[in-house]
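Protein chains: 2
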Amino acid sequence: MITHENFAPDPWQLRETALDLGVLAQSESVFAQSNGHLGWRGNLDEGEPHGLPGSYLNSVYASHPLPYAEAGYGYPESGQTTVNVTDGKVIRLLVDDHPFDLRYGELLSHERVLDFRTGVLSRSVEWTTPSGRTVRLTSQRMVSLAQRAVAAISYGVETVNGPATIAVQSELVANEQLPTTSGDPRMAAVIDSPLLPEEHYANGTRLRLIHCTATSGQRVAVAADHIVQGPEGTAWAAESEPDVARLTVTATLEPGQRLELVKFVAYGWSAERSLPAVRDQVEGGLAGARTTGWQGLVDAQRACLDEFWSCADVEVEGDEEVQQAVRFGLFHLYQASARGERRPIPAKGLTGTGYDGHAFWDTESFVLPVLTHTAPYTVASALAWRQSTLPRALERARQLGLEGATFPWRTINGAECSAYWPAGTVAFHVNADIAAAVERYVFSTGDREFQRGPGLDLLVHTARLWRSLGHFGADGVFHIDGVTGPDEYSAIARDNLYTNAMARRNLRAAADAVSLHPDRAPDLGVSAEEIADWRHTAARTAIPYNRRLRVHEQSAGFTDQEPWDFEATSEDQYPLLLHFPYFDLYRKQVVKQADLVLAMFTCPDEFTAEEKVRNFAYYEPLTVRDSSLSACCQAVLAAETGHLRLAWAYTREAALMDLDDLEHNTRDGLHMASLAGTWIALVQGFGGLRRIRPTPPADPRDQPSGMAGPVEPDAAALFAPRLPSSLTRLAFNVRVQGRLIRLDMGQSTARYTLLSGGPLTVTHHGTRVELTVDTPTDLPVPPAPASPEPRQPKGRAPRT
Amino acid sequence: MITHENFAPDPWQLRETALDLGVLAQSESVFAQSNGHLGWRGNLDEGEPHGLPGSYLNSVYASHPLPYAEAGYGYPESGQTTVNVTDGKVIRLLVDDHPFDLRYGELLSHERVLDFRTGVLSRSVEWTTPSGRTVRLTSQRMVSLAQRAVAAISYGVETVNGPATIAVQSELVANEQLPTTSGDPRMAAVIDSPLLPEEHYANGTRLRLIHCTATSGQRVAVAADHIVQGPEGTAWAAESEPDVARLTVTATLEPGQRLELVKFVAYGWSAERSLPAVRDQVEGGLAGARTTGWQGLVDAQRACLDEFWSCADVEVEGDEEVQQAVRFGLFHLYQASARGERRPIPAKGLTGTGYDGHAFWDTESFVLPVLTHTAPYTVASALAWRQSTLPRALERARQLGLEGATFPWRTINGAECSAYWPAGTVAFHVNADIAAAVERYVFSTGDREFQRGPGLDLLVHTARLWRSLGHFGADGVFHIDGVTGPDEYSAIARDNLYTNAMARRNLRAAADAVSLHPDRAPDLGVSAEEIADWRHTAARTAIPYNRRLRVHEQSAGFTDQEPWDFEATSEDQYPLLLHFPYFDLYRKQVVKQADLVLAMFTCPDEFTAEEKVRNFAYYEPLTVRDSSLSACCQAVLAAETGHLRLAWAYTREAALMDLDDLEHNTRDGLHMASLAGTWIALVQGFGGLRRIRPTPPADPRDQPSGMAGPVEPDAAALFAPRLPSSLTRLAFNVRVQGRLIRLDMGQSTARYTLLSGGPLTVTHHGTRVELTVDTPTDLPVPPAPASPEPRQPKGRAPRT
């Protein structure tokens, strides 16, 4: 898209200057607006043509039975899929009885702009009817970040070349007809007619529809009100039916005259509250919007984003596409999370139906790390959602014969929705990923209250899971058998290194956190013996290593497996999962996405610098990046091991994942994790924020043989900034122990500035740096160590 | 059942002396009759009450889509399930307008007898109507072994205590209403209304229905004719509708008068032939039956069975239940296979809908070994069926990216129907099991023509599968990764020992067979290099062994897994698969069914005697026998390792599996493999037929380190007879290299007699014995070696 001729790079906007119906669905995703509670895809105002009409409310879903040809104990019986709720975006237009439809007549000009600072999607169109009348249409649309129930549209039309009779139909539409999707397993299941009508209403300029989801019993209410301005003779009438409410405004315009409409829309839903309560809720939201007014909403939107960007912005000099992409990504991450308020952040945010609207480990492992540094309160909210699902996770663990909590692989409401257990149930690492997100958030922000509350709940119950999942072998080592790591081309393995290393972190983090909040130990039932057992177990967790090859193993025995035959694999056989059976992928050395490499990123202290170089060189030629989660992790390790050219190539791939539709499914929504990946690659790769928390063992005897990282016990963060040759400057802020640190780096110098908080010690390429507030420290950037650049599998070099 | 008070043991019959509706469905299975082409369950003549009405034609099935909540490459899209075809058994009776229904009125006496020598099911009932009239009903039923399309019933009724008006309705019924079954994954899917009517006909005493299966396009025709004998005034009329054809015979009987009916039924089906052709086929079959007549059919049935028993009988003295059970089992194996004629032998034969009527590896690994010695022509037929499905198996291998053939895990028509790949697609051992069945059949019978034809096709294409499935590791050893062995509580393992050892056999057997028939090498494309490669690969195939524990590993790393917590497992949690998730079963040391122990049975030369003792002692406490296939294998190894008491207990469990309904699913049909298991336990366990083919390596350098069995290169078979204390005598025949050898053994002496064929060398407990025809050799039986008897998991001792 960004390389599409219709999209010119711009540092603070996504701008489309011509309409290509071939990328309409993709454009709806990239122009999507959301506040984490409500999401509207960037559909054209008039509803058609469309790729996928989409209006989503976080956690409103349809449930459906999960079919199994051969059933098994513990298989989830019910799935969930996000539903397209009542569409409040639709404003149809008739010009002299010609429906305004860009497939007919002549489109003279078209522009859409999504501004990352204003949060407004602006549209400007000139169009001539088949009978020759030209109109100019402008619209501005927002999903309010300040008033989470509210969206609004400012819509105007004027005639250019003579008088025209205009009819504008502003609608609420439920159960919109959706296109059928392909059989691709990654495509969301289409659910027809998800909403049962309960009430419809139209009066004056006001519209309201109330429905109940057919399968999940959630009540959804949408109300709209309008401000109409037009020449004398402008008239309107409202009407409603069960699935549509409509305000029709008619006017006859002369050139120079203009019909304007402001549409306020309020959404509300509840699975518990009564119809009158939900009705009042949306009417209240609507009243709030009317009171604020269009300009008030615009101002508030800008204020929210100013606040966000003041901390979150990343400045990239030398690549205008990546500059745009990192802001595009941060903008969408903020949109996905800002007003989530104890609801999940789905893998595609609220931008489409991809992955059925489910949340995965992506959230904790990719999205939350970025939000921790840029909008930390959203992280507390997202983790509070996880905590709110703890009863289901505890119950799921019981069902599986395990202790503690087992969080779902994919879900909307906290119940496991994965119907394929080898890459679902046994991908237990999601639990450690949640624990790591807690640990990271608390360390970055210093939020002790969160740590004592939801944090401790999550850490303790996940630690217990690991303790019950693994076992001590005859070798005295703690092994975790039969699990699947991040690489979905391997499954049901022994001692997946990423899982084990993350489990070890989880056990230690739980032990540390309970020790900090001993008053909560009794109600969690944690004894001193249990804490000691967690530490003991963590210290003895297996870290598989092949001594002959001198590389770590992704899982025990992985490096003895048959290598995948990449020479015999053609480029059109990617993604491999659509062309080869799982069993064959699983038993060979082929890596879908960073796994051991991710472990080196998330648990850097498990590896020496030399091991990282050797490991990265070993796994690169096996990693095909059939997952959008991979490139950013590889960028970080490539940067760390000195392969700056390669790191930059991966950064660009991560940055352009959705903007260039590299995986050909941007139409289903944006990959939040990959959007986060641009920040990760820049900040953690080139900024070299390698670790924000050294975790030296409490007892030196606990030091495992595989743990050999450079430990600086009193350094709060380790930086190793180093730019690729393409960039002249990179600047960003990160949060460490409640401080805000700014790093502004060029090719030869890096400037550290402590923006807020007390003095702090960090390291710069291993050199200790004492930071005090507002006293910049300039340090030279050493040259990168030289080693041969690893090769990727045939045809799988970074796509840039 | 056999221990049910209504069933008294009898050496040559299964006899039921009272009716218990609580075991009606089970009785329908044990009284089922079949010839391998047509099967009738032992339903009561009058159709109701019933457990499961059942009439089956081998390979007539319904196809249905296999649902996947998450699809994957190579998943089978279509399943198959056996269907209840037109029922020709039904003969309803009205006495003074009272329907003869055992749930009403009073049942004065009831007896059913299935005679293993006559092959006839006889029934005798005295019943009083609710109004007090008593009638005596007798019936005899057979599914003809001599005329495969034909079944017949001789039915008679008389009144006992006064005149009665009698109406007899002899019917053909299609699309019978079936009971719904439970959600147990092992239960067959019920397919309602599987048959679409094409033609119905009734005239005189003749009836005919022709249908087509709704989903698979198979045309099924059934025709019946009758001979009616009754007192003066006996009248009859025939009528037909699409799904029912009916001959109604009416008579008024005085005491001493009798109404008799002989019903001949002919079945035919084809997926290719036209309606007139199939109509003529069944009318021709019916004409043949009429010409033979009832007594002619009875005589021919007896003759077939006399021939069978003359070779197949096993005499057991000291346990009348096992004596009955082994004959019951052999009788049903013969019924399942006698006229199969290039159709599969399903896991439940044609006795019920269990396992959807699919054939599994059970056939080649359990059923065919017994038939090889007792009715070898049926083995050639069953393997010819496998060969007929070779095109599908070659195509499946291509789909999976493999060479050679991949035979299905479960199927009716040769296409893979398993929807759960971890215990389906990757249970590749079925291919080696087929190869071993070929090898065994050829060696036992000396059938060189079969070896040169279907045998060679099967051996070569399965050998190629193994060569492409495994790979040589850096250790120079051939490894097979990611496969599932017989134990379904483990999956996707590296180097499953059973699979590897059987693959090695397969590679060598293919090499040997091509070498014997070099003229076929060109058309199979086999070069000298390929043969050498097979031998090289076989010699270097991994045989996992734990040196610390000094036991073989079921698969690489198995003995390092966490042991299952049997102490925490209650008896009502068996079978474990219904109470624990697969992932937990897979990653722990718990064995559903003999796997390593089966390898010691099928590949005895891979192990020394001491290793067998240690291995058996190691795996016994892990083996829960949640599969009916396990007990007989454990019986063989228990006998071999000297644990005769335990071996006998397992023999009884195998023998009573269906007769005592130990797995609570005899209602769905009989377990053919477990029925075979009784013979296996007796002949291969106590008879000690441990190996029928020594396979010394062609090149001594090919001797793998793990191969340490006692090799007697010129001994055709190794025997080690030894009786448990419960038995006084055991006698049976086996086929070796085209000879028939009889072994008649007591507690202290074993007599070997060569019944036919040229001189042969065998061993008796390691002592060479030269056998010549009709010259018995008596040899003393040495005492069993003593070692502590292994223990089973808590609560899982043999059920006897």
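Protein chains in written order, with the working numbering: chain R, 52 to 851; chain U, 52 to 851.
Yeah, the Cβ is synthetic: ideal placement off N, Cα and C, and Gly gets one too.
(request) Using a Cβ cut-off of 7 angstroms, pull out every chain U residue sitting near residue 463 of chain R, in sequence order please. (result) Along the first sequence, read from residue 1 onward, the residue named residue 463 of chain R stands at position 412. The contacting residues do not exist; residue 463 of chain R stays about 15 angstroms from chain U at best.
(message) Less than 7 angstroms between the C-beta atoms of residue 247 of chain U and residue 223 of chain U, yes or no?
(response) Here the question's residue 247 of chain U lines up with position 196 in the second sequence. Here the question's residue 223 of chain U lines up with position 172 in the second sequence. Contact: no.
(request) For chain R, find out if any of its Cβ atoms is closer than 7 angstroms to the Cβ of residue 844 of chain U; answer yes or no. (result) Your numbering for residue 844 of chain U matches position 793 in the second sequence. Chain R contact via Cβ: absent.
(request) Please name the residue in U:442, U:544, U:526, U:431 whose C-alpha comes closest to that of residue 489 of chain U. (result) Sequence index remark: in the second sequence, residue 489 of chain U carries index 438 (1-based). Among U:442, U:544, U:526, U:431, the Cα nearest to that of residue 489 of chain U is on U:431.
(request) Check whether the Cβ of residue 670 of chain R lies closer than 7 angstroms to any Cβ atom in chain U. (result) Your numbering for residue 670 of chain R matches position 619 in the first sequence. It does not; no Cβ of chain U falls within 7 angstroms.
(message) Taking the beta carbon of residue 322 of chain R as the centre, do at least 16 other beta carbons fall within 10 Å, making it buried, or is it exposed?
(response) Taking the first residue of the first sequence as position 1, residue 322 of chain R is located at position 271. Answer is exposed; the Cβ neighbour count stays below 16.
(request) Starting from residue 175 of chain R, trace the beta strand (DSSP E) both ways and give me its first and last residue. (result) Indexing the first sequence from 1 puts residue 175 of chain R at position 124. The continuous beta strand (DSSP E) containing residue 175 of chain R extends over residues 172-179.
(request) May I ask which residues mark the beginning and end of the beta strand (DSSP E) holding residue 398 of chain R? (result) On the first sequence, residue 398 of chain R is found 347 positions in, with the first residue counted as 1. Element bounds for residue 398 of chain R: n/a, residue is neither H nor E.
(request) Using the Cα positions of residue 191 of chain U and residue 288 of chain U, report the straight-line distance between them to the nearest angstrom. (result) For the purposes of this step, residue 191 of chain U is identified with residue 140 of the second sequence, where counting begins at 1. For the purposes of this step, residue 288 of chain U is identified with residue 237 of the second sequence, where counting begins at 1. One C-alpha to the other measures close to 23 angstroms.
(request) Run down chain U in chain order and give the residues with a C-beta less than 9 angstroms from the C-beta of residue 522 of chain R. (result) Along the first sequence, one-based indexing puts residue 522 of chain R at 471. Those are 612, 613, 614, 639, listed as they occur along chain U.
(message) Beta-carbon within less than 6 angstroms of residue 690 of chain R's beta-carbon, same chain only, minus the 5 sequence neighbours each way: which residues are those?
(response) Indexing the first sequence from 1 puts residue 690 of chain R at position 639. Within the same chain, residue 690 of chain R has close Cβ partners 698, 736, 737.
(request) Alpha carbon to alpha carbon, how far is residue 493 of chain U from residue 578 of chain U? Give it in angstroms, no decimals. (result) Numbered from its first residue, the second sequence carries residue 578 of chain U at position 527. Numbered from its first residue, the second sequence carries residue 493 of chain U at position 442. Take the alpha-carbon of residue 578 of chain U and the one of residue 493 of chain U: they are about 23 angstroms apart.
(message) For chain R, check one thing: does any of its Cβ atoms lie closer than 7 angstroms to the Cβ of residue 118 of chain U?
(response) Position 67 of the second sequence, counting from 1, holds the residue named residue 118 of chain U. At least one chain R Cβ lies under 7 angstroms of residue 118 of chain U.
(request) Would you decide whether residue 38 of chain R is buried or exposed? Buried here means 16 or more other CB atoms lie within 10 Å of its CB. (result) The first residue shown for chain R is 52 and the last is 851, placing residue 38 of chain R beyond what the model contains.
(message) Contact criterion: CB-CB distance below 7 angstroms. Does residue 714 of chain U meet it with respect to chain R?
(response) Along the second sequence, one-based indexing puts residue 714 of chain U at 663. Contacts with chain R at 7 angstroms (Cβ-Cβ) do not include residue 714 of chain U.
(request) Determine which residues of the segment 117-149 of chain U have a Cβ less than 8 angstroms from any Cβ of chain R, and write them out in chain order. (result) Per Cβ criterion, the list reads 117, 118, 119, 120, 121, 122, 123, 124, 125, 130.
(request) Go ahead and pull the three-state DSSP assignment for residue 797 of chain U. (result) For the purposes of this step, residue 797 of chain U is taken as residue 746 along the second sequence, with counting starting at 1. Residue 797 of chain U: strand per DSSP, three-state reduction.
(message) What does the Cβ neighbour count give for residue 776 of chain R, buried or exposed, with the cut at 16 atoms within 10 Å?
(response) Position 725 of the first sequence, counted from the start, is the residue given in the question as residue 776 of chain R. By the beta-carbon neighbour count (other beta carbons within 10 angstroms, threshold 16), residue 776 of chain R is exposed.
(request) Determine the DSSP secondary structure at residue 583 of chain U, reduced to helix, strand or coil. (result) Here residue 583 of chain U is taken as the residue at index 532 of the second sequence, counted from 1. It is helical.
(request) Tell me whether residue 161 of chain U is buried or exposed, calling it buried when 16 or more other Cβ atoms sit within 10 Å of its Cβ. (result) Along the second sequence, one-based indexing puts residue 161 of chain U at 110. Residue environment: residue 161 of chain U is assigned as buried (16 or more neighbouring CB atoms within 10 Å of its CB, all protein chains considered).
(request) Kindly indicate the opening and closing residues of the alpha helix (DSSP H) around residue 633 of chain U. (result) The residue labelled residue 633 of chain U in the question sits at position 582 within the second sequence. DSSP places residue 633 of chain U in the uninterrupted alpha helix (DSSP H) bounded by 633-637.
(message) In the DSSP assignment, the alpha helix (DSSP H) including residue 334 of chain R goes from what residue to what residue?
(response) Taking the first residue of the first sequence as 1, we reach residue 334 of chain R at position 283. From DSSP, the alpha helix (DSSP H) with residue 334 of chain R extends over 326-363.
(request) Can you give me the start and stop residues for the alpha helix (DSSP H) that residue 424 of chain R sits inside? (result) Residue 424 of chain R sits at position 373 when you count from the first residue of the first sequence. Run containing residue 424 of chain R: 419-425, per the alpha helix (DSSP H) assignment.
(request) To the nearest angstrom, report how far apart residue 237 of chain R and residue 679 of chain R are at their CA atoms. (result) Along the first sequence, one-based indexing puts residue 237 of chain R at 186. Along the first sequence, one-based indexing puts residue 679 of chain R at 628. For residue 237 of chain R, the predicted model reports a pLDDT of 36, less than 50, meaning its position is unreliable and no value from the coordinates is stated.
(message) According to DSSP, is residue 438 of chain U part of a helix, a strand, or is it coil?
(response) In the second sequence, the residue the question calls residue 438 of chain U occupies position 387. Helix, per DSSP.
(message) Check whether the segment 289-296 of chain U and the segment 161-177 of chain U touch, using three or more Cβ-Cβ pairs below 8 angstroms as the test.
(response) Touching, no.
(request) State yes or no: is the beta carbon of residue 455 of chain U nearer than 7 angstroms to at least one beta carbon in chain R? (result) As a position in the second sequence, residue 455 of chain U is number 404, starting the count at 1. False, the Cβ-Cβ gap to chain R never drops below 7 angstroms.
(message) Only counting the same chain, and skipping five residues up and downstream in sequence, which positions put a Cβ closer than 6 angstroms to that of residue 348 of chain U?
(response) On the second sequence, position 297 is the one that residue 348 of chain U refers to. Once the five neighbours on either side are set aside, the close Cβ partners of residue 348 of chain U are 195, 203.
(request) Pull up the distance between the alpha-carbon of residue 797 of chain R and that of residue 364 of chain R, whole angstroms please. (result) By one-based count along the first sequence, residue 797 of chain R stands at place 746. By one-based count along the first sequence, residue 364 of chain R stands at place 313. Near 17 angstroms, if we compare the C-alpha coordinates of residue 364 of chain R and residue 797 of chain R.
(message) I'd like to know whether the C-beta atoms of residue 143 of chain R and residue 495 of chain R end up nearer to each other than 7 angstroms.
(response) The count along the first sequence starts at 1 and reaches residue 143 of chain R at position 92. The count along the first sequence starts at 1 and reaches residue 495 of chain R at position 444. Result no, Cβ atoms of residue 143 of chain R and residue 495 of chain R do not sit closer than 7 angstroms.
(message) Strictly under 7 angstroms for the Cβ-Cβ distance: is residue 677 of chain U near chain R by that measure?
(response) Looking up residue 677 of chain U in the second sequence gives position 626. Residue 677 of chain U is outside the set of residues whose beta carbon lies under 7 angstroms from a beta carbon in chain R.
(request) Using 10 angstroms around the beta-carbon of residue 159 of chain R, count the other beta-carbons present and answer buried if the total reaches 16, otherwise exposed. (result) Within the first sequence, numbered from 1, the residue matching residue 159 of chain R stands at position 108. It counts as exposed.
(message) Any beta carbon of chain R sitting closer than 7 angstroms to that of residue 10 of chain U?
(response) Since the first and last residues shown for chain U are 52 and 851, residue 10 of chain U lies out of range.
(request) Hey, could you find the ends of the beta strand (DSSP E) residue 263 of chain R is sitting in? (result) Locating residue 263 of chain R in the first sequence gives position 212, counting from the first residue. In the DSSP assignment, residue 263 of chain R falls within the unbroken beta strand (DSSP E) covering 257-264.
(request) Using 10 angstroms around the beta-carbon of residue 704 of chain U, count the other beta-carbons present and answer buried if the total reaches 16, otherwise exposed. (result) The residue given as residue 704 of chain U occupies position 653 in the second sequence. Buried, because 16 or more other Cβ atoms sit within 10 Å of the Cβ of residue 704 of chain U.
(message) Going by C-alpha to C-alpha distance, which of R:658, R:722, R:584 sits closest to residue 682 of chain R?
(response) Counting from 1 along the first sequence, the entry for residue 682 of chain R is found at position 631. Comparing Cα positions, the closest option is R:722.
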